[in-house]
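The structure under discussion appears below in the form of structure tokens.
2 protein chains.
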Amino acid sequence: MDRRVRLAACLQVVLTALSVTVAGHGPDLRINGKRVNGHLLELSRFGKNPEGGVTRVAYSDVDLQGRAYVIQLMRDAGLDVVIDAAGNIVGRRAGADPGKKPIVVGSHIDSVPQGGNYDGNVGSMAAIEVAQSLAEQGVALRHPLEVVIFQNEEGGTVGSMAITAGLSNDDLARTTHSGATVREGIRRIGGDPDRLAQAIRKPGDIAAYLELHIEQGGILDAEDVDIGVVEGIVGIKWWDVTIEGSANHAGTTPMAQRRDALLAAARYVDAVNRVARARPGRQVATVGRIQAFPGAYNVIPGKVATSLEIRDLDASVIDAIRQDVQREVELTAQDTGTTFTFTLTSDTVPAPTDTRVRRTIDEAAARLGLRRKSMPSGAGHDAQEMARLGPIGMIFVPSVGGISHSPREFTRPEDITNGTNVLLHAILGLDDDR
Amino acid sequence: MDRRVRLAACLQVVLTALSVTVAGHGPDLRINGKRVNGHLLELSRFGKNPEGGVTRVAYSDVDLQGRAYVIQLMRDAGLDVVIDAAGNIVGRRAGADPGKKPIVVGSHIDSVPQGGNYDGNVGSMAAIEVAQSLAEQGVALRHPLEVVIFQNEEGGTVGSMAITAGLSNDDLARTTHSGATVREGIRRIGGDPDRLAQAIRKPGDIAAYLELHIEQGGILDAEDVDIGVVEGIVGIKWWDVTIEGSANHAGTTPMAQRRDALLAAARYVDAVNRVARARPGRQVATVGRIQAFPGAYNVIPGKVATSLEIRDLDASVIDAIRQDVQREVELTAQDTGTTFTFTLTSDTVPAPTDTRVRRTIDEAAARLGLRRKSMPSGAGHDAQEMARLGPIGMIFVPSVGGISHSPREFTRPEDITNGTNVLLHAILGLDDDR
Chain S
143 MDRRVRLAAC
153 LQVVLTALSV
163 TVAGHGPDLR
173 INGKRVNGHL
183 LELSRFGKNP
193 EGGVTRVAYS
203 DVDLQGRAYV
213 IQLMRDAGLD
223 VVIDAAGNIV
233 GRRAGADPGK
243 KPIVVGSHID
253 SVPQGGNYDG
263 NVGSMAAIEV
273 AQSLAEQGVA
283 LRHPLEVVIF
293 QNEEGGTVGS
303 MAITAGLSND
313 DLARTTHSGA
323 TVREGIRRIG
333 GDPDRLAQAI
343 RKPGDIAAYL
353 ELHIEQGGIL
363 DAEDVDIGVV
373 EGIVGIKWWD
383 VTIEGSANHA
393 GTTPMAQRRD
403 ALLAAARYVD
413 AVNRVARARP
423 GRQVATVGRI
433 QAFPGAYNVI
443 PGKVATSLEI
453 RDLDASVIDA
463 IRQDVQREVE
473 LTAQDTGTTF
483 TFTLTSDTVP
493 APTDTRVRRT
503 IDEAAARLGL
513 RRKSMPSGAG
523 HDAQEMARLG
533 PIGMIFVPSV
543 GGISHSPREF
553 TRPEDITNGT
563 NVLLHAILGL
573 DDDR
Chain L
143 MDRRVRLAAC
153 LQVVLTALSV
163 TVAGHGPDLR
173 INGKRVNGHL
183 LELSRFGKNP
193 EGGVTRVAYS
203 DVDLQGRAYV
213 IQLMRDAGLD
223 VVIDAAGNIV
233 GRRAGADPGK
243 KPIVVGSHID
253 SVPQGGNYDG
263 NVGSMAAIEV
273 AQSLAEQGVA
283 LRHPLEVVIF
293 QNEEGGTVGS
303 MAITAGLSND
313 DLARTTHSGA
323 TVREGIRRIG
333 GDPDRLAQAI
343 RKPGDIAAYL
353 ELHIEQGGIL
363 DAEDVDIGVV
373 EGIVGIKWWD
383 VTIEGSANHA
393 GTTPMAQRRD
403 ALLAAARYVD
413 AVNRVARARP
423 GRQVATVGRI
433 QAFPGAYNVI
443 PGKVATSLEI
453 RDLDASVIDA
463 IRQDVQREVE
473 LTAQDTGTTF
483 TFTLTSDTVP
493 APTDTRVRRT
503 IDEAAARLGL
513 RRKSMPSGAG
523 HDAQEMARLG
533 PIGMIFVPSV
543 GGISHSPREF
553 TRPEDITNGT
563 NVLLHAILGL
573 DDDR
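Taken in order, these protein sequences are the chains called S and L.
Just so we're aligned, residue 143 is where the first sequence starts under this note's numbering, counting upward by one.
Just so we're aligned, residue 143 is where the second sequence starts under this note's numbering, counting upward by one.
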């Protein structure tokens, strides 16, 4: 451990005890860009794929190794580290004002199978870097600061859900990529699945939640913008779609007499794309799954199983697109002699970010001389769960080519440094809530 | 065994020996409709499904039982029965003129899994009924008559291919629905896979081949026509079609930046239907298989595996439709940022029926006072293989609702009687080739 870090941490404790703030230093403060990028590189050793990136699925051995590394970094940054009952790693730094709720900043270090080095990891290393910079530069905040490394984000924001909405028995019984159930996994990483209620936080328990993340889309990269100020995390609805026609002999059934479920499906897929693009806005609609039955060269498909996903910041836009799709499929059904059935299988409501948090992020980026853009987050994040507890904000940095969930994921070191500085100054801005 | 049948068979042998023809009786001859329908019902016991129809896949125990029943019927009809090296059941009746090649008439009794009681069985029972009627009514033909019950038609006209084009080692090694390979199956039904060359017949070895079959489409039924005079058996081409785009995050990739392989596939499926219907004629084009990869609600498909089948009596029409599809997919590929690859996996050339045989069938049906219609066979049949040896003809009878390859397959007894009488009189007509 670095002696200067320890010294700085001690100094911070003394300053906090004396209620001395050093707000005057604020505008000139900078994080250590070389260090945060170095930590990111070191973290990428745990679960490294031969072709690059990592496979560090939650609850795996390499996830445990990565978490041990992170806990050490947090301690080096002067944080008091605990693992909550849900298995999240929580590092606390006291605030000068005992009446204040904590400013929480976090992300995750678990990955998808064959994932990259940036999704979650950038926000995690940046949160720790901010704590370390504050400590070594002797900056006392009025609010307590909490750095949270959420467990199993990629498995469905499990750690953040556990401390906000709570986990059901079904959630706990689900088998994860590690082979362990969520229940077993929580035990494996030092949580206690039988005492999850202890980890639950209530609305109003936090002053704010901030998360830095790679964009995962290609917009910032394509438009050469440094920082995305996130307007909110989109709502997502999933449907299973079943189309039924009549399976028949492909050689003996004239074209005009067919009730071809795949022809109907084709028109449906095209219609989904058309109606999603027809209205202004950034909504997306996707058909990701399809299979025809019986599925032979020489049989007209009698049934097709397919899907629908619609995402937008505004739940009413999601519903309007679903209605537009419905109007189209009713015409297709009539035209092709088929029937369509839509079954809603998942419904995540939109999580808007807080106006003040957004403005604070934007001002911080502006003062740092960075180009910025307001944008939705099309992907889900722990922030959407934390929105149940208080105001949230998210900061995006460019991901080259918009690639994510891939070993080819890449964010430039200077963008990580920029994002971490924005995170630092957004925290300083939010701390100053007089 | 019925004594009268034996008596009639003996009489026929005597008449043949005396070279006495009874052509004068010709126009009034009729088969026994009650008997042929009774045999069809009895045959349906072998492999009966609980819900009706049969599962009598080639080389299964019930196929063996059905074949034993058929062999007995053929002997009762006065035929000399042998099983050729390919496992086909061949029943021979001598002709009055020793220089004549045989008129061959046949079909098959194997079924698809969960098949019906009519596909193949009608033609098989009718061929035997014709032989029996000729025998008991003492009609001597100038040509030898052969009734052939081909083995494993549903597995790809295996028995008829074996005696015409021959079987490859790959064909013999193929595993069938029975669990046995074709090689094992041939042995099981009394053939000899090591002596297949003995079963091969050469072009010119037959005077003609005739087959009665249910239509399998719904045209005769819908138009209330008694008899289909088949113009030929369509050619069939199959392609595997692979569409490649770029898999990406469905939440973070704007609609305009996608290279969605499934959107491209949808436009392809619609285009296949459109171009096949755009030209006059009875060609059909079908996309029966489709699967998107990776196949998740929230991932834009990067790859789609699908298929193409085109059928027509005219090989140049098949190629023209393929070219029309190609022009459409080139536009789609450009528009969606995807690539299409077509790989030909099967190519069956069209088998036109013989003009004289067709006319003879039509005249026979006309004399019987039946409504008739010229039409292609959209399905494959043993007749298409037999076309390599000599002139062929096919007679279709209506299938209610055009259902086939299903327990719900049904052809009315009176239509079976009509079809068998047309078969009889077509044989008499062909026999009179002076």
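Even glycine gets a Cβ: it sits at the ideal position worked out from N, Cα and C.
Model, not experiment: these values are computed from the prediction.
- Grab the span of the alpha helix (DSSP H) containing L/V414 for me, first residue to last. Stepping through the second sequence from its first residue, residue 414 of chain L is reached at position 272. First-last of the alpha helix (DSSP H) with L/V414: A403 to A420.
- Using a Cβ-Cβ cut-off of 8 Å, state whether L/T395 counts as contacting chain S. Residue 395 of chain L sits at position 253 when you count from the first residue of the second sequence. By this cut-off, L/T395 is an interface position.
- Query: Looking only at its own chain, which residues have a Cβ that is under 6 Å from the Cβ of L/V499, when we skip the five neighbours before and after it?
  - Reply: Counting from 1 along the second sequence, the entry for residue 499 of chain L is found at position 357. Taken in chain order, the residues that qualify are A350, P533 and G535.
- Task: Would you please verify whether the beta carbon of L/S253 is less than 8 Å from any beta carbon of chain S?
- Result: Here residue 253 of chain L corresponds to residue number 111 of the second sequence, with the count starting at 1. No, no contact with chain S.
- Message: Can you confirm whether S/G561, when its beta carbon is compared against all beta carbons of chain L, has any partner nearer than 8 Å?
- Response: For the purposes of this step, residue 561 of chain S is taken as the residue at position 419 of the first sequence. Output row for S/G561: interface = no.
- Task: State the CB to CB distance for the pair S/G257 and S/H547, rounded to an integer number of angstroms; the pair is presumed to be in contact (CB under 8 Å).
- Result: Within the first sequence, numbered from 1, the residue matching residue 257 of chain S stands at position 115. Within the first sequence, numbered from 1, the residue matching residue 547 of chain S stands at position 405. Indeed they touch by this definition, with Cβ atoms about 6 Å apart.
- Which chain L residues sit within Cβ distance under 9 Å of S/G520? As a position in the first sequence, residue 520 of chain S is number 378, starting the count at 1. Near S/G520 (Cβ distances below 9 Å), the residues of chain L are H391, A392, G393, T394, T395 and P396.
- Message: On the DSSP bridge list, what partners appear for L/Y439?
- Response: For the purposes of this step, residue 439 of chain L is taken as residue 297 along the second sequence, with counting starting at 1. Bridge partners of L/Y439: none, in fact.
- Task: Would you kindly work out how many angstroms separate the C-alpha atoms of L/A322 and S/F435, rounded to a whole number?
- Result: Along the second sequence, read from residue 1 onward, the residue named residue 322 of chain L stands at position 180. Along the first sequence, read from residue 1 onward, the residue named residue 435 of chain S stands at position 293. Computed Cα separation, rounded: 26 Å.
- Rounded to a whole number of angstroms, what is the C-alpha to C-alpha distance between L/A418 and L/R453? Within the second sequence, the letter at position 276 stands for residue 418 of chain L. Within the second sequence, the letter at position 311 stands for residue 453 of chain L. Computed Cα separation, rounded: 10 Å.
- Out of S/V446, S/T502 and S/Y410, state which residue places its alpha-carbon closest to the alpha-carbon of S/H567. Indexing the first sequence from 1 puts residue 567 of chain S at position 425. Selected option, being the one with the closest Cα: S/T502.
- Can you list, in chain order, the residues of its chain whose CB lies under 6 Å from that of L/G175, leaving out five sequence neighbours each side? In the second sequence, counting from the first residue as 1, residue 175 of chain L sits at position 33. Result list for L/G175: T559, in chain order.
- Message: Counting only Cβ pairs nearer than 9 Å, list the residues of chain S close to L/L405.
- Response: Reading the second sequence from its first residue, position 263 is the one you call residue 405 of chain L. Under the 9 Å cutoff, chain S gives V411, D412, V414, N415 and V429.
- Task: Decide if the region 462-478 of chain S is in contact with the region 487-496 of chain S; the criterion is three or more beta carbon pairs, one per stretch, under 8 Å apart.
- Result: no
- Message: Can you tell me whether S/Q214 is buried or exposed? The criterion is at least 16 other CB atoms within 10 Å of its CB, across all chains shown.
- Response: Taking the first sequence and counting its residues from 1, the one referred to as residue 214 of chain S is at position 72. It counts as exposed.
- Task: Assign S/V499 to one of three DSSP states: helix, strand, or coil.
- Result: Here residue 499 of chain S is taken as the residue at index 357 of the first sequence, counted from 1. DSSP places S/V499 in helix when its eight states are reduced to three.
- L/G544 versus chain S: which residues are under 7 Å apart at the beta carbon? Looking up residue 544 of chain L in the second sequence gives position 402. Near L/G544 (Cβ distances below 7 Å), the residues of chain S are T394 and T395.
- Message: Report the CB separation of L/V539 from L/G561 in whole angstroms; it is logged as a contact under 8 Å.
- Response: Reading the second sequence from its first residue, position 397 is the one you call residue 539 of chain L. Reading the second sequence from its first residue, position 419 is the one you call residue 561 of chain L. That pair is a contact at about 4 Å.
- Item | Boundaries (first-last residue) of the alpha helix (DSSP H) holding L/L455 | The sequence position of residue 455 of chain L within the second sequence is 313, counting from 1. First-last for L/L455: undefined, no H or E at that position.
- Using 8 Å as the limit for Cβ to Cβ distance, is L/A457 near chain S? To locate residue 457 of chain L, count along the second sequence from 1; it is residue 315. Chain S contact via Cβ: absent.
- What are the uninterrupted segments assigned as alpha helix (DSSP H) that are 4 or more residues long and contained completely in the region 344-375 of chain L, given in chain order? 361-365
- Item | Beta-carbon proximity list for L/T318, same chain, < 8 Å, skipping 5 on both sides | Taking the second sequence and counting its residues from 1, one reaches residue 318 of chain L at position 176. Here the set comprises V199, A200, Y201, N294, G297, V324 and G327.
- Any beta-carbon of chain S closer than 8 Å to the one on L/H547? Mapped onto the second sequence, residue 547 of chain L falls at position 405. At least one chain S Cβ lies under 8 Å of L/H547.
- Query: Going along the chain, which residues of its own chain have a beta-carbon closer than 6 Å to the beta-carbon of L/T497, five neighbours each way excluded?
  - Reply: For this step, residue 497 of chain L is matched to residue 355 along the second sequence. Here the set comprises nothing.
- May I ask you to list, following chain order, the residues of the region 346-371 of chain L that have a beta carbon less than 9 Å from some beta carbon of chain S? E357, Q358, G359, G360, I361 and A364
- Message: Taking the alpha carbon of L/R343 as the reference point, which residue from L/L572, L/E551, L/A227 and L/L314 has its own alpha carbon closest?
- Response: If you number the second sequence from 1, residue 343 of chain L lands on position 201. The candidate whose alpha carbon is nearest that of L/R343 is L/A227.
- First and last residue of the beta strand (DSSP E) that includes L/T318? Numbered from 1 along the second sequence, position 176 holds the residue referred to as residue 318 of chain L. Looking at the DSSP string, L/T318 is not in any beta strand (DSSP E), and its letter there is neither H nor E.
- Task: Measure from the alpha carbon of L/W380 to the alpha carbon of each residue in L/A457, L/G180 and L/A315, then state which is nearest.
- Result: Counting from one through the second sequence, the residue named residue 380 of chain L turns up at place 238. Selected option, being the one with the closest Cα: L/A457.
- Message: What would DSSP say about L/V281, mapped onto helix, strand or coil?
- Response: As a working mapping, residue 281 of chain L is identified with position 139 in the second sequence. Of the three classes helix, strand and coil, the one that applies to L/V281 here is coil, per DSSP.
- What is the rounded straight-line gap between the Cα of S/Y260 and the Cα of S/T395? Within the first sequence, numbered from 1, the residue matching residue 260 of chain S stands at position 118. Within the first sequence, numbered from 1, the residue matching residue 395 of chain S stands at position 253. Rounded to the nearest angstrom, the two C-alpha atoms are 54 Å apart.
- Near-chain L residues of the region 438-451 of chain S - C-beta to any C-beta below 9 Å: A438, Y439, N440, V441, I442, P443, V446, T448, S449, L450 and E451
- Item | DSSP-derived helix/strand/coil call for L/E386 | Position 244 of the second sequence, counted from the start, is the residue given in the question as residue 386 of chain L. L/E386: strand per DSSP, three-state reduction.
- Item | DSSP beta-bridge partners of S/T490 | Within the first sequence, the letter at position 348 stands for residue 490 of chain S. Answer is S/I378.
- Message: So S/M528 and S/V246 are supposed to be a Cβ contact under 8 Å. How far apart are they, rounded?
- Response: Residue mapping note: residue 528 of chain S aligns to position 386 of the first sequence, counting from 1. Residue mapping note: residue 246 of chain S aligns to position 104 of the first sequence, counting from 1. At roughly 7 Å, the Cβ-Cβ gap stays under 8 Å, so S/M528 and S/V246 are in contact.
- Item | Per-residue DSSP class, three states only, for L/S449 | As a working note, residue 449 of chain L is residue 307 in the second sequence. Three-state DSSP puts L/S449 in a strand.
- Residues that DSSP places opposite L/E288 in a beta bridge: On the second sequence, position 146 is the one that residue 288 of chain L refers to. For L/E288, which the question treats as bridged, DSSP gives the partners L/R234 and L/V246.
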